[in-house]
Amino acid sequence: MSSFKRLLHHPTGLVGLLIVVVMVAVVVIGPHVIGYGPEDMDFMAMLAPPSLAHPFGTDSFGRDVLSRVLQGAQVSLVISAGSILLAAALGSAIGIMSGYWGGWVDSVLMRLMDLLFAFPSFILAMLLMVLFGFSTANLVAAIALVYLPIFARITRNNTGLIREEPFVQAARLMGRHPLAIMVSDILPNILAPILVQASVGVAFAIILEAGLSFIGLGVQPPTPSLGGIMADGREYFSRAPWVLTMSGVAISIALLGINLLGDGLRDLTDPKLRERA
Numbered sequence: 000m001s002s003f004k005r006l007l008h009h010p011t012g013l014v015g016l017l018i019v020v021v022m023v024a025v026v027v028i029g030p031h032v033i034g035y036g037p038e039d040m041d042f043m044a045m046l047a048p049p050s051l052a053h054p055f056g057t058d059s060f061g062r063d064v065l066s067r068v069l070q071g072a073q074v075s076l077v078i079s080a081g082s083i084l085l086a087a088a089l090g091s092a093i094g095i096m097s098g099y100w101g102g103w104v105d106s107v108l109m110r111l112m113d114l115l116f117a118f119p120s121f122i123l124a125m126l127l128m129v130l131f132g133f134s135t136a137n138l139v140a141a142i143a144l145v146y147l148p149i150f151a152r153i154t155r156n157n158t159g160l161i162r163e164e165p166f167v168q169a170a171r172l173m174g175r176h177p178l179a180i181m182v183s184d185i186l187p188n189i190l191a192p193i194l195v196q197a198s199v200g201v202a203f204a205i206i207l208e209a210g211l212s213f214i215g216l217g218v219q220p221p222t223p224s225l226g227g228i229m230a231d232g233r234e235y236f237s238r239a240p241w242v243l244t245m246s247g248v249a250i251s252i253a254l255l256g257i258n259l260l261g262d263g264l265r266d267l268t269d270p271k272l273r274e275r276a
C-alpha cells in the first residue's frame with residue numbers, strides 16, 4: 000500500500016489532511032469570493048459585530064475582519080511554508096555533509112548548529128529582524144535560520160546510521176562522486192523524517208510569524224497578517240472581541256490540522272508504529 004493510501008486509512012492523519020486541504024482552499028478561493036477587500040474601509044460600520052454582511056464583524060477602520068483574516072492566513076502560510084522549505088533544504092544539505100564526511104567537517108558544522116540552538120527561537124528571530132530590517136524576505140530568512148539546526152541535526156543523525164550500509168559502500172567502491180551518493184543514495188532514504196519535521200515545523204513557524212507580527216517585528220502594515228490583526232484587536236478587545244478572537248481561531252484551526260497531519264505522517268514513517276497505523 001502506498002504512503003498516501005496508508006495516510007487515508009490513518010484516522011488522525013486523514014482528519015489533519017482534510018483540515019489542511021479545506022483551510023488552503025478557503026484561504027486561496029475566499030478572498031476572490033468575498034465582496035470586500037482587506038483594505039476596504041466603511042466608516043459607517045466601524046467595530047460592527049458579526050452579521051450577514053460581515054460574518055466576522057469589522058475593525059476600528061470599518062474593514063471586514065473575515066477578508067483580513069483570509070488574506071492574513073494566506074500571508075502567514077506562504078511565509079511559514081517558504082521559511083520551512085528553505086530551512087529544510089539548507090539544513091538537510093548541512094546535515095548530510097556532516098554525517099557523510101564526519102571528522103572535522105562534522106565538528107565544525109555541528110558546533111555552528113549548536114550556536115544557533117543556544118538561543119531561544121523567538122529571541123533569535125527577534126534579534127535577526129532587528130538587525131536586518133522588517134521586510135518579508137528577512138522574516139522568511141529569520142524563521143528559516145531558527146529551524147535550520149533542527150533539520151541539520153535530523154539529517155546528520157540519519158545519515159550517520161546509513162552511511163555504512165552495503166548500498167552506500169557499493170556506490171563508493173564503484174567510484175561514484177560523493178555528491179551523487181548523498182543526493183541519489185542517502186537523501187531518498189532519510190526523506191521521511193525530514194517531511195515529518197517539515198510538517199511540524201510549519202505549525203511552529205506560523206506561531207513564530209504571528210508572534211513577531213503581534214509585537215510589530217513581522218509583517219508590516221498595510222499587509223494583513225494574523226498576528227497583526229490580533230495586535231490591532233487587542234487595543235479594543237473589551238468593545239469588539241471578535242477581531243482578536245476570529246484571528247486566534249484561524250491560527251488554532253491551522254495548527255490543529257497541521258499537527259494532526261504531522262502526527263499521522265510520524266506514525267506512518269516510524270517502523271515501530273507503522274503496523275499500528
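In terms of numbering that gives the first Met the number 0, the sequence shown has 276 at position 277, counting the first letter as 1, and numbering is strictly consecutive. Cβ coordinates follow ideal geometry from the N, Cα and C atoms, glycine included.
Checklist entry - What do you reckon, are the CB atoms on Ile18 and Glu208 nearer than 8 angstroms? => result One thing to note: Ile18 has its Cβ no nearer than 8 angstroms to the Cβ of Glu208.
Checklist entry - So, Gly200 versus Tyr146, is the Cβ gap smaller than 8 angstroms? => result For the pair Gly200 and Tyr146, the CB atoms are nearer than the 8 angstroms cut-off.
Checklist entry - In this structure, what does DSSP give as the bridge partners for Thr57? => result Answer by DSSP bridge pairing, in chain order: Asp63.
Checklist entry - With distances taken from CA atoms, which of Ala87, Val139, Pro165 is nearest Pro192? => result With distances taken between CA atoms, Pro192 lies nearest to Ala87 out of Ala87, Val139, Pro165.
Item to check | Spatially closest choice to Gly159 from Leu216, Ile206, Gly101, Met173, by CA coordinates | outcome: Nearest to Gly159 by C-alpha distance, out of Leu216, Ile206, Gly101, Met173, is Gly101.
Checklist entry - Got a sec, what are the start and stop residues for the alpha helix (DSSP H) Gly284 sits in? => result Because the chain in this structure spans residues 0 to 276, residue 284 falls outside the shown range and cannot be described.
Item to check | Neighbourhood of Arg265 by C-beta, 7 angstroms cutoff - its chain only, sequence neighbours within 5 removed | outcome: Close CB contacts of Arg265 within its chain, under the 7 angstroms cut and outside five residues either way in sequence, are with Val195 (chain order).
Next on the checklist: Along the chain, where does the alpha helix (DSSP H) containing Pro30 start, and where does it finish?
Outcome noted: 10-32 is the span of the alpha helix (DSSP H), which, as asked, contains Pro30.
Next on the checklist: Between which residues of its own chain and Leu108 is the CB-CB distance below 6 angstroms, once the five residues before and five after are set aside?
Outcome noted: Excluding sequence neighbours, Leu108 sits near Ile93, Ser97.
Next on the checklist: Using C-beta distances below 6 angstroms, list every residue in its chain close to Ser82, excluding the 5 sequence neighbours before and after it, in chain order.
Outcome noted: Result list for Ser82: Val139, Ile142, Ala143, Ala204, in chain order.
Checklist entry - Start and end of the alpha helix (DSSP H) containing Arg175? => result For Arg175, there is no enclosing alpha helix (DSSP H), as DSSP marks it with neither H nor E.
Checklist entry - Can you tell me where the alpha helix (DSSP H) with Arg110 in it begins and where it stops? => result That run of the alpha helix (DSSP H) goes 102-116.
Checklist entry - Under 8 angstroms, do Pro37 and Pro223 count as touching if we go by C-beta distance? => result Closer than 8 angstroms, so yes.
Checklist entry - At what residues does the alpha helix (DSSP H) containing Val201 begin and finish? => result Boundaries of the alpha helix (DSSP H) around Val201: 190-213.
Item to check | Status (buried if at least 16 other CB within 10 Å, exposed otherwise) for Pro148 | outcome: Answer is buried; the Cβ neighbour count reaches 16.
Item to check | Three-state secondary structure assigned by DSSP to Arg171 | outcome: In this structure, Arg171 counts as helix in the three-state DSSP scheme.
Next on the checklist: In whole angstroms, give me the CA-to-CA distance for Ile189 and Asn156.
Outcome noted: Their Cα atoms are separated by approximately 10 angstroms.
Checklist entry - So Phe60 packs on Met40, CB below 8 angstroms; how close in whole Å? => result Going by Cβ atoms, the distance from Phe60 to Met40 rounds to 5 angstroms, so yes, they are a contact pair.
Checklist entry - Which first and last residues belong to the alpha helix (DSSP H) in which Ala230 is found? => result Note, Ala230: alpha helix (DSSP H), 225-233.
Checklist entry - Using the C-alpha atoms, what's the distance from Pro10 back to Gly174? => result Answer to the nearest angstrom: the Cα atoms are 46 angstroms apart.
Item to check | Coil, strand or helix - Pro37 by DSSP | outcome: Coil, per DSSP.
Checklist entry - Can you find at least 3 beta carbon pairs, one from the region 119-132 and one from the region 160-167, that sit closer than 8 angstroms? => result As far as the Cβ criterion goes, the region 119-132 does not touch the region 160-167, which means the pair count is below three.
Next on the checklist: Measuring alpha carbon to alpha carbon, tell me which residue in His31, Ala47, Ala72, Thr57 is nearest Ser212.
Outcome noted: Of the listed residues, the one whose Cα sits closest to Ser212 is Ala72.
Next on the checklist: Would Ala249 and Val68 be called neighbours here (beta carbons separated by less than 8 angstroms)?
Outcome noted: In this structure, Val68 lies closer than 8 angstroms to Ala249 by Cβ.
Next on the checklist: Can you find the residues in the same chain that come closer than 7 angstroms, C-beta to C-beta, to Leu255, ignoring five residues on each side of it along the sequence?
Outcome noted: Answer for Leu255: Ile18, listed in chain order.
Checklist entry - Hey, Val74 and Val218 are a contact pair by Cβ (cut 8 angstroms); roughly how many whole angstroms apart? => result In this structure, Val74 and Val218 form a Cβ contact; the two beta carbons are roughly 6 angstroms apart against a cut-off of 8 angstroms.
Checklist entry - Out of curiosity, what's the CA-to-CA distance linking Leu272 and Met128? => result Interpretation of Leu272 is limited by its pLDDT of 48, a score under 50 that renders its predicted location unreliable; no figure is taken from the coordinates.
Item to check | Nonlocal neighbours in the same chain, by C-beta distance under 6 angstroms from Met0, ignoring five residues either side | outcome: At Met0 the pLDDT is 47, less than 50, meaning the model places this residue with poor confidence and gives no usable figure here.
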